[in-house]
Amino acid sequence: MSYAKLSREQLAARVAQDIPEGAYVNLGIGLPTLVANHLSPTKEVFLQSENGLLGMGPAPAKGSEDFDLINAGKQPVTLLPGGSYFHSADSFAMMRAGHLDIAVLGAFQVAANGDLANWHTGNPDDIPAVGGAMDLAVGAKQTWVMMELFTKEGACKLVEQCSYPITGVGCVSRVYTDHGVFDVTRDGFQLIEAVDGLSRETLTSMIGVLIR
Amino acid sequence: MISKISPSIEASLADVKDGATVLVGGFGGAGMPNELIDGLIAQGASNLTVVANNAGNAEFGLAALLKAGRVRKVICSFPRQADSYVFDGLYRAGKVELELVPQGNLAERIRAAGAGIGGFFTRVGYGTELAKGKEVREINGQMYVLESPIHGDFALVKAERGDCWGNLTYRMAARNFGPVMAMAAKTTVASVHEVVELGELDPEVIVTPGIFVQRVVKIARSTTAASGIKS
Numbered sequence: 001m002s003y004a005k006l007s008r009e010q011l012a013a014r015v016a017q018d019i020p021e022g023a024y025v026n027l028g029i030g031l032p033t034l035v036a037n038h039l040s041p042t043k044e045v046f047l048q049s050e051n052g053l054l055g056m057g058p059a060p061a062k063g064s065e066d067f068d069l070i071n072a073g074k075q076p077v078t079l080l081p082g083g084s085y086f087h088s089a090d091s092f093a094m095m096r097a098g099h100l101d102i103a104v105l106g107a108f109q110v111a112a113n114g115d116l117a118n119w120h121t122g123n124p125d126d127i128p129a130v131g132g133a134m135d136l137a138v139g140a141k142q143t144w145v146m147m148e149l150f151t152k153e154g155a156c157k158l159v160e161q162c163s164y165p166i167t168g169v170g171c172v173s174r175v176y177t178d179h180g181v182f183d184v185t186r187d188g189f190q191l192i193e194a195v196d197g198l199s200r201e202t203l204t205s206m207i208g209v210l211i212r
Numbered sequence: 001m002i003s004k005i006s007p008s009i010e011a012s013l014a015d016v017k018d019g020a021t022v023l024v025g026g027f028g029g030a031g032m033p034n035e036l037i038d039g040l041i042a043q044g045a046s047n048l049t050v051v052a053n054n055a056g057n058a059e060f061g062l063a064a065l066l067k068a069g070r071v072r073k074v075i076c077s078f079p080r081q082a083d084s085y086v087f088d089g090l091y092r093a094g095k096v097e098l099e100l101v102p103q104g105n106l107a108e109r110i111r112a113a114g115a116g117i118g119g120f121f122t123r124v125g126y127g128t129e130l131a132k133g134k135e136v137r138e139i140n141g142q143m144y145v146l147e148s149p150i151h152g153d154f155a156l157v158k159a160e161r162g163d164c165w166g167n168l169t170y171r172m173a174a175r176n177f178g179p180v181m182a183m184a185a186k187t188t189v190a191s192v193h194e195v196v197e198l199g200e201l202d203p204e205v206i207v208t209p210g211i212f213v214q215r216v217v218k219i220a221r222s223t224t225a226a227s228g229i230k231s
């Protein structure tokens with residue numbers, strides 16, 4: 001039996017499918033940003049950006065960029081009718097106090113107890129940068145991770161315990177990967193679905209940590 | 001009649017002292033007060049502690065201040081950028097100290113200073129390297145970390161419109177840290193693109209009331225590399 005991993009765009013579409021209408025959502029920089037391209041135009045979702053936007057719209061047409069209107073990744077965006085601007089302390093109040101329904105974040109590793117590592121490799125030569133990752137990780141009603149299941153070197157990013165410095169303790173509730181979707185439960189990872197053509201048994205055997 | 005309008009950037013920054021803590025607004029290029037930072041470089045104060053979200057891009061603005069060797073310590077959330085090579089080099093050479101702060105803690109610590117709050121407990125950072133050595137407390141079954149306020153001697157803020165009482169409005173996402181930094185400094189200097197008559201700013205939409213602003217200085221609406229806004 002053969003299977004194909006989800007592409008980055010397919011993974012983004014898979015995440016988008018689970019975001020309910022009316023949700024207030026923050027998409028982290030990198031891979032999660034792609035989710036915005038796959039939200040159905042018939043489903044109203046409120047996108048929040050940490051630098052002070054609610055009701056963020058798509059990228060502007062070439063030539064009409066305004067660099068006072070950027071997203072967390074510093075790329076030009078637009079504001080939808082009904083959108084608003086606010087200062088950083090208000091923005092992070094939204095992010096830290098459970099006002100956001102869902103934060104979608106990238107990750108280096110997710111541990112079986114829901115610990116998230118995504119801010120620093122721990123390598124002393126790397127410049128550490130945290131931005132809003134720690135705020136989002138613990139502050140949203142639900143924290144979803146979106147990542148490739150394996151590193152380029154083939155190491156599984158679902159782990160018993162994070163070896164990278166953690167971003168938040170026990171904060172992840174769901175993990176979307178290019179191989180399948182997992183919930184983080186009291187008893188560890190639970191497989192929700194595997195990609196087409198990949199059996200539960202095969203996927204479970206590829207991962208070095210117990211999957212229920 | 002009271003007027004907080006400064007005749008020049010030079011005049012607005014004349015009394016920044018060596019060793020001062022300077023809060024600098026901006027997120028990436030949006031709201032970055034590059035003209036005021038250039039003024040600070042010309043003014044010459046050194047041994048500064050700079051509090052900002054980022055640590056500069058290429059060789060302008062904050063990066064130029066760093067490159068000029070004026071900064072002892074940076075307190076920020078996200079120093080690493082594709083073009084933050086000035087900061088990266090100084091940091092790796094041990095020539096600048098870094099206090100890395102989660103962005104929401106940064107905003108709230110500045111807000112706390114501006115609101116007379118002596119400290120606050122937050123869940124953010126608990127159990128991570130960035131909370132090492134900090135007091136923790138269990139509140140309603142969850143673990144919190146004690147964070148302290150960040151006061152500034154000066155705040156450099158880029159606003160859009162201002163009047164002689166120091167009332168300010170901002171433009172789009174260039175608002176970011178401006179309003180909280182204005183509250184948290186002994187002296188807040190705001191650059192604006194337009195100085196308007198008292199009463200012209202609708203009281204319903206003033207974002208920073210003048211009590212938080214000591215000096216307002218008009219700058220041209222330049223289209224800089226950092227803030228390529230349309231005219």
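Residue numbers (the working numbering), protein chains in the order written: chain B, 1 to 212; chain V, 1 to 231.
C-beta: ideal position from N, C-alpha, C; glycine also.
Count Cβ pairs between the segment 100-115 of chain V and the segment 73-86 of chain V that sit closer than 8 Å; are there 3 or more?
Touching, per the Cβ criterion.
Classify P203 (chain V) as buried or exposed, calling it buried when 16 or more other Cβ atoms lie within 10 Å of its own Cβ.
Here residue 203 (chain V) corresponds to residue number 203 of the second sequence, with the count starting at 1. With fewer than 16 Cβ atoms within 10 Å of its Cβ, P203 (chain V) is classed as exposed.
Residue nearest to G30 (chain B) in terms of C-alpha spacing, selected from B:A23, B:V145, B:A111 and B:V45
Indexing the first sequence from 1 puts residue 30 (chain B) at position 30. It is B:V145.
Quick check on DSSP: helix, strand or coil for R111 (chain V)?
If you number the second sequence from 1, residue 111 (chain V) lands on position 111. Correct three-state label for R111 (chain V): helix.
Tell me whether S227 (chain V) sits in a helix, a strand or coil according to DSSP, three-state version.
The count along the second sequence starts at 1 and reaches residue 227 (chain V) at position 227. With a pLDDT of only 49 at S227 (chain V), under the threshold of 50, the placement of this residue in the model should not be trusted; the figure read from the coordinates follows. S227 (chain V): coil per DSSP, three-state reduction.
Please identify, using Cβ separations under 8 Å, the residues of the segment 121-132 of chain V that lie next to chain B, in order along the chain.
Of all residues in the segment 121-132 of chain V, T122, R123, V124, G125, Y126, G127, T128, E129 and L130 have a Cβ within less than 8 Å of some Cβ in chain B.
Is the shortest distance between the beta-carbon of N123 (chain B) and the beta-carbons of chain V less than 8 Å?
Taking the first sequence and counting its residues from 1, one reaches residue 123 (chain B) at position 123. Chain V, which has no Cβ nearer than 8 Å to the Cβ of N123 (chain B), makes this no.
My parser needs the beta strand (DSSP E) runs of 3 or more residues fully inside the segment 52-98 of chain V; what are they?
71-76
Give me whichever residues DSSP pairs with F182 (chain B) in a beta bridge.
Residue numbering aside, residue 182 (chain B) sits at position 182 when the first sequence is read from its first letter. DSSP, once it has assigned bridges, lists B:V175 and B:L191 as partnering F182 (chain B).
Taking the alpha-carbon positions, what's the E9 (chain B) to A182 (chain V) distance?
The residue given as residue 9 (chain B) occupies position 9 in the first sequence. The residue given as residue 182 (chain V) occupies position 182 in the second sequence. Looking at the two C-alpha atoms, the distance is approximately 42 Å.
Chain B contact residues for F212 (chain V), given Cβ-Cβ distances below 8 Å:
Against the second sequence, residue 212 (chain V) aligns to sequence position 212. None at all; the shortest Cβ gap to chain B is about 12 Å.
For a minimum of 3 consecutive residues, which ranges assigned as the beta strand (DSSP E) are wholly contained in the segment 8-76 of chain B?
DSSP runs (the beta strand (DSSP E)) wholly in the segment 8-76 of chain B: 24-27, 46-49 and 53-57.
Looking only at its own chain, which residues have a Cβ that is under 8 Å from the Cβ of G83 (chain B), when we skip the five neighbours before and after it?
Translated into positions along the first sequence, residue 83 (chain B) becomes position 83. The answer, listed in chain order, is L53, L54, G55, M56 and G57.
Please classify K134 (chain V) as buried or exposed, where buried requires at least 16 neighbouring CB atoms within 10 angstroms.
On the second sequence, position 134 is the one that residue 134 (chain V) refers to. Looking at its Cβ environment, which holds fewer than 16 other Cβ atoms inside 10 Å, K134 (chain V) is exposed.
Does the Cβ of E160 (chain B) have 16 or more other Cβ atoms within 10 Å, making it buried, or fewer, making it exposed?
For the purposes of this step, residue 160 (chain B) is taken as residue 160 along the first sequence, with counting starting at 1. So E160 (chain B) ends up on the exposed side.
At what residues does the alpha helix (DSSP H) containing D135 (chain B) begin and finish?
By 1-based counting over the first sequence, the position of residue 135 (chain B) is 135. Boundaries of the alpha helix (DSSP H) around D135 (chain B): A133 to G139.
Rounded to the nearest angstrom, what separates A155 (chain B) and S163 (chain B) at their Cα positions?
Sequence index remark: in the first sequence, residue 155 (chain B) carries index 155 (1-based). Sequence index remark: in the first sequence, residue 163 (chain B) carries index 163 (1-based). When rounded, the distance between both Cα atoms is 12 Å.
Selection of the segment 50-80 of chain B by Cβ proximity to chain V, strictly under 7 Å
Correct list: E50, N51, G52, L53, D66, F67, D68, L69, I70 and K74.
Could you list which residues in chain B have their beta carbon closer than 7 Å to that of D233 (chain V), in chain order?
The shown model of chain V, from 1 to 231, leaves out residue 233 (chain V), and the question about it has no answer.
CA-CA distance, Q142 (chain V) and A107 (chain V)?
Along the second sequence, one-based indexing puts residue 142 (chain V) at 142. Along the second sequence, one-based indexing puts residue 107 (chain V) at 107. Going by the C-alpha atoms only, they are around 22 Å apart.
Say whether chain V places a C-beta atom closer than 8 Å to the C-beta of I127 (chain B).
Locating residue 127 (chain B) in the first sequence gives position 127, counting from the first residue. So yes, I127 (chain B) belongs to the interface.
Beta-carbon separation of I206 (chain V) and N167 (chain V) under 8 Å?
The sequence position of residue 206 (chain V) within the second sequence is 206, counting from 1. The sequence position of residue 167 (chain V) within the second sequence is 167, counting from 1. Yes, these two residues count as a Cβ contact at 8 Å.
So, for L2 (chain B): in the same chain, excluding its five sequence neighbours on each side, which residues have a beta-carbon less than 6 Å away from its beta-carbon?
Counting from one through the first sequence, the residue named residue 2 (chain B) turns up at place 2. Sequence check: residue 2 (chain B) is Ser here, not Leu. The answer, listed in chain order, is G197.
Helix, strand or coil for V180 (chain V) per DSSP?
The sequence position of residue 180 (chain V) within the second sequence is 180, counting from 1. Of the three classes helix, strand and coil, the one that applies to V180 (chain V) here is helix, per DSSP.
Residues of the segment 82-102 of chain B whose Cβ lies closer than 9 Å to any Cβ of chain V, in chain order
Y85, F86, H87, S88, A89, D90, S91, F92, A93, M95 and R96
Where M172 (chain V) sits in the DSSP three-state scheme:
Mapped onto the second sequence, residue 172 (chain V) falls at position 172. In the structure shown, M172 (chain V) sits in a helix (DSSP, three-state: H, G or I).
With a CB to CB cut of under 8 Å and the five nearest residues on each side skipped, what residues in its chain are close to S173 (chain B)?
Walking along the first sequence from the start, residue 173 (chain B) turns up at place 173. Residues G114, Q142, T143, W144, D183 and V184 of the same chain have their beta carbon placed closer than 8 Å to that of S173 (chain B), with the five preceding and five following residues left out of the count.
Between V50 (chain V) and S91 (chain B), what straight-line distance do the alpha-carbon atoms span, to the nearest angstrom?
Numbered from 1 along the second sequence, position 50 holds the residue referred to as residue 50 (chain V). Numbered from 1 along the first sequence, position 91 holds the residue referred to as residue 91 (chain B). Rounded to the nearest angstrom, the two C-alpha atoms are 22 Å apart.
Residue range of the unbroken alpha helix (DSSP H) whose run includes M206 (chain B)
Within the first sequence, the letter at position 206 stands for residue 206 (chain B). Its alpha helix (DSSP H) spans residues R200 to M206.
I166 (chain B) (DSSP reduced to helix, strand or coil):
Translated into positions along the first sequence, residue 166 (chain B) becomes position 166. I166 (chain B) falls in the coil class under three-state DSSP.
DSSP state of R215 (chain V), grouped into three classes?
Numbered from 1 along the second sequence, position 215 holds the residue referred to as residue 215 (chain V). Looking at R215 (chain V) - three-state DSSP - the assignment turns out to be strand.
C-alpha distance - A133 (chain B) paired with M1 (chain V), whole-angstrom precision
Within the first sequence, the letter at position 133 stands for residue 133 (chain B). Within the second sequence, the letter at position 1 stands for residue 1 (chain V). If I take the Cα positions, the gap works out to 47 Å.
From the DSSP output, in three-state form, read off E129 (chain V) for me.
One-based indexing of the second sequence puts residue 129 (chain V) at position 129. Three-state result, E129 (chain V): helix.
Taking any Cβ of chain B, which residues in the segment 63-89 of chain V have a Cβ under 7 Å from it, in chain order?
S77, F78, P79, R80 and D88
Which residues, in order along the segment 26-59 of chain V, keep a beta-carbon less than 8 Å from a beta-carbon of chain B?
F27, G28, G29, A30, G31 and N53
Please decide whether T143 (chain B) counts as near chain V, where near means a Cβ-Cβ distance under 8 Å.
To locate residue 143 (chain B), count along the first sequence from 1; it is residue 143. It does not; no Cβ of chain V falls within 8 Å.
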